Amino acid sequence: MATRKSKVEPTVGASTYVDPEQIQWQPSQFEGIQIKVLYVDKEKGEMTCLLKWEPGATLPMHKHPEIEQSFVLEGSFYDHDGICRAGEFVWRQPGSFHETHSDEGAVLLAIYRKPN
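Residue numbers for the sequence shown follow the working numbering, so the first one is 51 and each next one is one higher.
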């Protein structure tokens, strides 16, 4: 491990390492979509999670009160604006509405400032 020479000392214990393999998939509020929560701050309304979409799953029309960011790890999902495939990233503007579908299934990393 590399070391740095600095006058500022690192804050010990300020990093939280998460192994998603140690977290069980849980049902989400949406049929056909499971979730692993990696980070949540209920006070601020922030959440980072993995979402696993079964083939044919649909997320019904919903609003994003704040920005939503998604990076697709496996499969693909799409809405009226386009398709996001494995290795691709999409973000949605605050206040936007959309319905999302996955024909083949997908696993994605989602970052919410306020989940829908």
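Even glycine gets a Cβ: it sits at the ideal position worked out from N, Cα and C. Everything numeric in this text was worked out from a predicted model, so none of it was measured.
Under the DSSP assignment, Q143 falls outside any beta strand (DSSP E); it carries neither an H nor an E label. In this model, E118 and V140 are separated by some 8 Å (Cα to Cα). For I73, the CB contacts under 7 Å within the same chain, skipping 5 residues up- and downstream, are K86 in chain order. Within the same chain, and ignoring the five residues on either side of P110 in sequence, the residues whose Cβ sits closer than 7 Å to its Cβ are E149. At the C-beta level, E154 and G125 come within 8 Å of one another. P110: member of the beta strand (DSSP E) spanning 107-113, first to last residue. Residue pairing of W103 in beta bridges, as defined by DSSP: I83, A156.
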